[in-house]
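For reference, the structure is listed below as structure tokens.
4 protein chains.
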Amino acid sequence: MIVVMKADATDGEINRVIETIESLGYRPHVSRGVERCIIGAIGDERGKSRLHSLEALPGVESVVPILKPYKLASKQVKDGPSRYQIDGVEIGGTRIVVVAGPCSVESRDQILETARAVKAAGASMLRGGAFKPRTSPYSFQGLGEEGLKLLQEAKAETGLPIQTEVMAPEDVELVARYADVIQIGARNVQNFKLLRRVGEFDIPVCLKRGLSTTIEELLMAAEYILSEGNQKVILCERGIRTFETATRNTLDLNAVPVLKHETHLPVIVDPSHGTGHWRYVTPMAQAAVAAGADGLLIEVHPRPHEAFSDGAQSLKFDNFVTLMQRVAAVAEAVGRSV
Amino acid sequence: MIVVMKADATDGEINRVIETIESLGYRPHVSRGVERCIIGAIGDERGKSRLHSLEALPGVESVVPILKPYKLASKQVKDGPSRYQIDGVEIGGTRIVVVAGPCSVESRDQILETARAVKAAGASMLRGGAFKPRTSPYSFQGLGEEGLKLLQEAKAETGLPIQTEVMAPEDVELVARYADVIQIGARNVQNFKLLRRVGEFDIPVCLKRGLSTTIEELLMAAEYILSEGNQKVILCERGIRTFETATRNTLDLNAVPVLKHETHLPVIVDPSHGTGHWRYVTPMAQAAVAAGADGLLIEVHPRPHEAFSDGAQSLKFDNFVTLMQRVAAVAEAVGRSV
Amino acid sequence: MIVVMKADATDGEINRVIETIESLGYRPHVSRGVERCIIGAIGDERGKSRLHSLEALPGVESVVPILKPYKLASKQVKDGPSRYQIDGVEIGGTRIVVVAGPCSVESRDQILETARAVKAAGASMLRGGAFKPRTSPYSFQGLGEEGLKLLQEAKAETGLPIQTEVMAPEDVELVARYADVIQIGARNVQNFKLLRRVGEFDIPVCLKRGLSTTIEELLMAAEYILSEGNQKVILCERGIRTFETATRNTLDLNAVPVLKHETHLPVIVDPSHGTGHWRYVTPMAQAAVAAGADGLLIEVHPRPHEAFSDGAQSLKFDNFVTLMQRVAAVAEAVGRSV
Amino acid sequence: MIVVMKADATDGEINRVIETIESLGYRPHVSRGVERCIIGAIGDERGKSRLHSLEALPGVESVVPILKPYKLASKQVKDGPSRYQIDGVEIGGTRIVVVAGPCSVESRDQILETARAVKAAGASMLRGGAFKPRTSPYSFQGLGEEGLKLLQEAKAETGLPIQTEVMAPEDVELVARYADVIQIGARNVQNFKLLRRVGEFDIPVCLKRGLSTTIEELLMAAEYILSEGNQKVILCERGIRTFETATRNTLDLNAVPVLKHETHLPVIVDPSHGTGHWRYVTPMAQAAVAAGADGLLIEVHPRPHEAFSDGAQSLKFDNFVTLMQRVAAVAEAVGRSV
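Protein chains in written order, with our numbering: chain A, 18 to 355; chain B, 18 to 355; chain C, 18 to 355; chain D, 18 to 355.
Structure below.
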């Protein structure tokens with residue numbers, strides 16, 4: 018942490034900053050430049066947001082953090098990539114994990130039909146929401162445990178592991194009984210109680226970046242889970258909110274190489290939510306793999322125009338077959354497979 | 018809802034859209050222009066997000082919603098402004114409600130000292146966090162129920178009603194025993210389980226806009242609470258996330274007149290989080306009142322540089338006295354009082 | 018400028034950074050912490066963006082600027098507020114300067130009628146575009162010099178000084194013959210050739226912030242004009258681009274206190290473009306003055322629904338009269354007048 | 018264009034809208050729904066922004082455009098992709114065009130050395146700035162015509178066509194004498210005078226998207242050039258401005274499939290400016306090609322840490338060789354070549 022003093026800061030003001038840094042347990046290091054005096058606070062600053070409050074002292078212009086605030090998610094703890102087994106499917110290795118299925122589990126027929134189709138096309142896992150976060154209280158909110166049972170049935174038939182969302186701490190135990198990967202949705206990325214709760218389980222957690230979550234905040238959210246003991250976190254880029262309206266969100270593929278540089282955790286990409294339009298899903302899935310993603314999350318529906326939610330961004334079965342073929346070609350070009 | 022067909026849409030594609038609209042229970046209304054055929058779906062579209070899935074049909078270019086998706090929050094339900102009593106303090110009337118206090122309750126001395134000071138300066142209510150949502154798992158997370166008890170003690174001494182945050186559905190009952198206003202933080206604005214839970218109580222809820230929540234989504238979040246039966250919702254603008262870094266967030270005061278146009282619910286403004294720097298809090302508080310806000314949420318701390326959190330944006334007591342004087346002058350200019 | 022080395026940077030890498038800093042004419046200052054070595058580059062870093070390229074050296078994690086990059090626009094050069102005379106109207110003093118008029122000069126009747134109305138309501142200056150930057154090449158592009166002559170006629174009759182936009186370096190001389198204040202539009206805020214050209218004249222320049230211009234970049238754009246010798250720069254906040262669509266842009270009133278803290282230059286606000294809807298213009302004009310703005314830029318049209326451009330955000334005459342009355346009341350509350 | 022009336026709009030207000038639509042030359046089409054009356058304005062709405070001013074009429078809630086505002090850039094005019102010859106290099110075909118070189122031409126040695134290196138690595142064209150738009154007036158502004166001559170010399174030796182930027186209408190003729198592709202920078206994307214001027218030449222124009230330019234506005238900027246007669250426009254995605262600070266900008270690769278859907282014009286991507294860090298350039302270049310880009314714009318410098326500008330995002334020669342190899346592999350996977 019570096020404290021930049023104002024140009025006209027007095028010696029008294031500088032000394033008060035020095036004393037405060039010492040009283041907080043850090044070692045001050047003063048550097049007087051031509052225009053400014055700057056004072057470093059030497060020590061492990063992570064989690065020490067109290068130092069920010071120094072900005073309230075007279076004569077202080079700004080407080081600049083130097084260290085990244087995450088530890089367990091960083092490469093300092095683990096330099097190589099983390100790999101997890103998800104009921105026989107490895108994530109974080111050379112194989113690209115494709116998780117496909119409908120936004121919501123709507124009916125037995127719909128989920129079984131989809132599970133068979135995505136299995137046949139080469140998907141590694143099945144997705145489907147039983148608890149749905151919806152912007153409107155009047156929209157379909159998911160089938161709840163009934164939906165989880167239908168997912169279980171689809172797994173029994175196809176062998177595909179299941180990824181499904183949990184929305185509240187009190188539901189984690191229930192969802193963990195059915196799911197192979199628990200998904201934390203974008204709106205819950207800073208629901209800290211929920212993060213802590215899934216951190217208590219030994220089950221892979223797919224953590225989706227929020228609409229306005231910085232990459233650093235996403236890693237801090239992962240840190241909540243990791244610090245409770247659950248090391249199996251998968252990060253998911255799914256689009257951020259910008260001024261552009263041609264796409265539903267702005268899928269930020271830059272997050273892939275940035276995360277690969279900063280963390281050992283696997284990174285997957287959701288081009289369905291990221292773009293919001295089925296016709297952009299396949300090219301962006303190809304791009305995600307080319308950028309280094311370890312997996313994809315793809316919305317597939319037997320009849321998108323009848324979908325209870327997200328029909329506009331769901332692929333029909335034949336389009337999903339095409340996606341898998343194209344993604345396989347790109348995966349091979351970057352030394353991976355599907 | 019209006020369905021815009023592609024320029025080269027066939028009659029078959031147009032007919033399929035018409036049939037689908039009918040099968041969903043709406044009345045289609047076709048309008049053939051020079052360049053495009055557009056088809057309206059007549060009926061109450063609110064909560065009917067399924068219509069969006071029509072975008073997946075062949076020949077459809079886009080689906081454009083016409084009606085606003087909220088009902089209970091809208092002026093169609095209640096044209097005049099809503100007013101609530103908060104233990105003797107009215108919100109939504111001519112008096113500007115100023116809720117002041119520290120970010121976190123840190124100690125008995127700190128909260129009592131602050132309560133006395135803000136009371137003396139003319140504040141209407143006391144704020145202070147006992148459960149704190151923190152970006153880092155290593156930061157101070159609040160005193161929990163102990164903090165609530167200290168707030169209660171401060172209320173007993175000063176008479177100021179209490180506003181404090183709740184982070185999880187299972188804590189609502191506990192917090193409601195101590196608080197006069199329950200606060201839902203920005204990160205929980207779309208924590209739908211939490212919204213429904215506070216909707217079951219008969220206690221005013223201060224709902225803070227999220228960092229990337231549109232005004233429409235904020236009203237939909239309010240709709241979750243209202244639709245459970247709790248009509249006492251207060252909306253709070255507290256800054257959105259933009260590219261600008263000179264301020265911690267971008268306090269969006271435009272939201273005040275927009276909300277005043279769209280809803281009957283009271284609107285308050287938090288310039289402390291909105292700007293993130295104590296020196297910008299007073300001018301933006303004045304601006305908020307001039308824009309039509311019904312109240313202010315202000316962070317005040319006896320010694321900001323020692324604050325466990327948010328010291329940089331907290332006012333010292335003397336600065337809060339100045340704020341109150343200046344806000345009073347602006348309030349008078351717009352026909353209100355503090 | 019501070020160079021943060023990676024945790025595993027070698028002594029050789031550190032030495033190479035030190036040597037490079039010296040070779041660029043700065044004095045290195047090394048500080049070894051627990052986790053990181055950081056190296057300050059002491060000297061006037063402003064305009065020395067070359068130091069940023071140090072990020073390309075092995076072992077360097079990041080380069081952090083410390084000083085603000087502007088000089089002439091800063092309070093270090095001039096601590097009190099700058100005041101300019103605009104043909105008898107002072108800007109930067111206690112009086113709020115209200116510049117009102119149509120988006121475009123459309124006809125003789127339209128501009129004369131408007132000039133008389135805004136004069137009668139108490140405006141200080143007349144605005145109107147003769148050269149119009151339009152998103153579409155098929156839209157009305159302005160009357161050109163004919164428009165300037167009509168503005169001149171309006172000034173002759175009402176005595177109101179004229180503010181009008183210039184779009185290209187080769188037109189500056191022409192526009193300067195007619196205008197009392199030259200306006201640089203939001204899209205040209207980083208048209209550096211144009212900035213330099215208006216910097217050669219001794220005429221007040223109203224510089225509008227771009228849709229995605231940071232406050233620091235706005236001050237750097239002002240620095241281009243100031244460094245050519247023209248000291249009469251007026252900064253104008255007119256809305257930035259965010260995810261919010263309820264308003265055309267997001268008027269960022271936070272910029273007012275931030276600019277007042279950073280610069281001596283006068284600051285005005287354009288709530289017409291900032292919100293894009295006439296019904297939000299008056300409350301945001303009140304808020305702008307409460308936040309500390311030195312002036313307002315308001316679109317007024319005799320018959321907004323017939324306007325060639327920006328009708329939705331233009332005030333009718335009677336609404337402008339109301340605006341002036343309300344703004345006057347707020348101005349008085351903050352110790353100023355209209 | 019569709020005019021949505023308020024719920025309580027009177028017949029008189031509806032009739033006035035109908036009459037105004039007719040007086041502007043459009044055919045009104047009224048549709049009365051359960052909650053709202055909506056009125057379509059039938060006719061070619063493109064370039065007819067005057068219809069927006071209807072929002073100023075009493076009883077009108079909003080005005081919703083239906084047609085895209087561009088014509089010549091759209092696929093309605095030309096359905097297949099446009100291909101141009103650039104001194105023997107085709108853009109828009111199956112070959113990916115890689116334009117590589119330094120941000121600025123700094124010296125004869127620097128540009129010749131770079132030209133040879135990128136040629137050897139397989140680049141198709143050479144880039145280099147002679148006129149530089151710089152945020153600070155104190156930064157290096159480019160060598161001007163001397164820089165153009167050095168680029169010419171590099172072309173003479175290597176045979177690589179030249180792409181270089183023009184900043185002002187009066188320089189277009191000069192730059193066009195040296196350049197094979199004229200570049201319009203992000204800050205000038207809505208410098209309409211400059212767009213019109215380059216539209217008068219028969220030379221390919223590479224138009225870079227601005228930091229806050231929507232895809233629709235980018236196409237409208239292209240429309241300015243096309244409508245002057247120059248059909249050789251190349252669109253370039255180079256990053257937009259968002260809240261994320263881990264990258265300098267947010268490279269918006271979604272723009273590639275969106276543009277491919279909307280326009281016949283070739284699309285290239287600049288991952289150097291898009292990310293701002295050399296280590297993210299290669300993965301994002303691979304991703305751009307996988308998403309469907311027709312070309313890449315890559316910053317390469319012999320010694321990035323000595324670069325006058327953009328050193329942090331420039332590749333060293335060996336890294337550029339790696340980029341070319343990896344991009345070639347991805348290109349092959351999507352049926353193209355480098």
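All C-beta atoms in this analysis are idealised placements derived from N, C-alpha and C, irrespective of residue type, glycine included.
Closer than 7 Å at the beta carbon, the chain C residues around residue i
{"i": "Ile19 (chain A)", "result": "Ile19"}
{"i": "Gln93 (chain A)", "result": "Ala24"}
{"i": "Val347 (chain A)", "result": "Under the 7 Å cutoff, chain C gives no residues; its nearest Cβ is about 29 Å from Val347 (chain A)."}
Inter-residue spacing [alpha-carbon to alpha-carbon] between residue i and residue j
{"i": "Asn266 (chain A)", "j": "Gln180 (chain A)", "result": "22 Å"}
{"i": "Gly159 (chain A)", "j": "Ala203 (chain B)", "result": "25 Å"}
{"i": "Ala302 (chain C)", "j": "Asn271 (chain C)", "result": "14 Å"}
{"i": "Val122 (chain C)", "j": "Glu233 (chain D)", "result": "27 Å"}
{"i": "Cys120 (chain B)", "j": "His290 (chain B)", "result": "10 Å"}
{"i": "Thr262 (chain C)", "j": "Asn205 (chain B)", "result": "22 Å"}
{"i": "Arg194 (chain D)", "j": "Glu187 (chain C)", "result": "21 Å"}
{"i": "Arg296 (chain C)", "j": "Ser156 (chain C)", "result": "25 Å"}
{"i": "Ala134 (chain B)", "j": "His294 (chain B)", "result": "21 Å"}
{"i": "Ile55 (chain B)", "j": "Ala185 (chain D)", "result": "43 Å"}
{"i": "Leu235 (chain A)", "j": "Arg214 (chain C)", "result": "46 Å"}
{"i": "Val183 (chain C)", "j": "Arg151 (chain C)", "result": "13 Å"}
Per-residue burial, residue i [other beta carbons within 10 Å of its own, 16 or more giving buried]
{"i": "Gly60 (chain B)", "result": "buried"}
{"i": "Glu39 (chain A)", "result": "exposed"}
{"i": "Thr230 (chain D)", "result": "buried"}
{"i": "Arg343 (chain C)", "result": "buried"}
{"i": "Glu190 (chain A)", "result": "exposed"}
{"i": "Asp327 (chain A)", "result": "buried"}
{"i": "Gly76 (chain C)", "result": "buried"}
{"i": "Ser354 (chain D)", "result": "exposed"}
Pair within 9 Å by beta-carbon distance, residue i and residue j
{"i": "Ala305 (chain B)", "j": "Val273 (chain B)", "result": "yes"}
{"i": "Ile257 (chain A)", "j": "Leu224 (chain A)", "result": "no"}
{"i": "Ile315 (chain A)", "j": "Pro283 (chain A)", "result": "no"}
{"i": "Ala329 (chain D)", "j": "His46 (chain C)", "result": "no"}
{"i": "Leu268 (chain B)", "j": "Thr292 (chain B)", "result": "yes"}
{"i": "Met18 (chain C)", "j": "Leu84 (chain C)", "result": "yes"}
{"i": "Leu1 (chain D)", "j": "Val114 (chain D)", "result": "Chain D is shown from 18 up to 355; residue 1 (chain D) falls before or after that span and cannot be answered."}
{"i": "Val81 (chain B)", "j": "Val81 (chain D)", "result": "yes"}
Interface partners of residue i on chain A, CB under 7 Å
{"i": "Arg258 (chain C)", "result": "Phe260"}
When the options are compared against residue i, the one with the closest alpha-carbon
{"i": "Ile108 (chain D)", "options": "D:Glu323, D:Gly312, D:Gly176", "result": "D:Gly312"}
{"i": "Leu177 (chain C)", "options": "C:Ser153, C:Ala132, C:Ala147", "result": "C:Ala132"}
{"i": "Leu167 (chain A)", "options": "A:Ala196, A:Thr111, A:Pro154", "result": "A:Ala196"}
{"i": "Glu254 (chain B)", "options": "B:Ser244, B:Lys277, B:Leu243", "result": "B:Lys277"}
{"i": "Val116 (chain A)", "options": "A:Asp96, A:Gly97, A:Ala90, A:Gly146", "result": "A:Gly146"}
{"i": "Lys23 (chain A)", "options": "C:Phe337, C:Lys92, C:Ser331, C:Asp25", "result": "C:Lys92"}
Within chain C, partners of residue i - CB distance below 8 Å
{"i": "Gly57 (chain A)", "result": "Ser48, Gly50, Ile55"}
{"i": "Ile113 (chain B)", "result": "Neighbours of Ile113 (chain B) on chain C: none; closest Cβ ~13 Å, over 8 Å."}
Within chain G, partners of residue i - CB distance below 7 Å
{"i": "Met237 (chain B)", "result": "The chain labelled as chain G is not found among the protein chains of the depicted structure, namely A, B, C and D."}
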